[in-house]
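Per full-length UniProt numbering, the very first residue in the sequence shown carries number 1; after that it's consecutive.
Glycine included, every Cβ here is placed at the ideal spot set by N, Cα and C.
What follows is a set of notes on a single structure, which appears directly below.
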Amino acid sequence: MASLRRAVFTAVRRLLSSSNSSSAATSDSLYRPILGLFSRVYSSNVGTQSIDFDLSNEESKRRLFNRLMYRSKQRGYLELDLILGKWVEDHIHSMDENGIKSLVHVLDLENPDLWKWLTGQEQPPDTVNINPVFVAVRDKVMNNLINHASPETRATPGQPWVRGWDDFKKGRDCPTAGNQ
């Protein structure tokens, strides 16, 4: 494996050193970020105030919407993938620039924190609590919990959830709480 790695690095070094001035743009393109604008816009280091969206033509709008939908559906946290993905799919086409900035701010939040804030297990910080996208998604989640989950399966507000799908096995070769 190390010899393969050495061979690849040597080949790349040769390609870059043998390039003349006419192919300098090609060698520079090897080091450009693949995502371009996407990586600049969605970096967690960038505040939402400095984000510039190009919504002037349909192609850039379509690309931005597809990227945001992908980010909302592929977070790696199944519950959030389903909740955020469906909400973004239903609402993204009716959002203006401020709504998109609010959505980007929500998508930049960490999964465990976002899940606890959306389900009422913890109180979100004020900056998140005033975000209109977060408020709308939280309202949808809370309405679904109220309408579709029996009260004994829900935690009291401010408390973590401990009930799981295998709670019926309590005491038989498994933990006494949770879905481990």
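Does residue i come out as helix, strand or coil in the three-state DSSP assignment?
i: Arg75; result: coil
i: Thr119; result: coil
i: Thr127; result: helix
i: Leu55; result: coil
i: Met95; result: coil
i: Ala149; result: coil
i: Thr10; result: helix
i: Gly158; result: coil
Excluding sequence positions up to five away, which residues of its chain have a Cβ less than 6 Å from the Cβ of residue i?
i: Gly85; result: Ser72, Lys73
Please go through the same chain and pick out, in chain order, the residues whose beta-carbon is closer than 7 Å to the beta-carbon of residue i, but skip the five residues on each side of it.
i: Val133; result: Gly99, Ser102, Leu103, Val106
i: Trp87; result: Val137, Lys140
i: Lys61; result: Leu55
Whole-angstrom Cβ separation of residue i and residue j, contact assumed at under 8 Å?
i: Val128; j: Leu109; result: 7 Å
i: Phe53; j: Glu97; result: 6 Å
i: Leu80; j: Trp115; result: 6 Å
i: Ile92; j: Leu68; result: 6 Å
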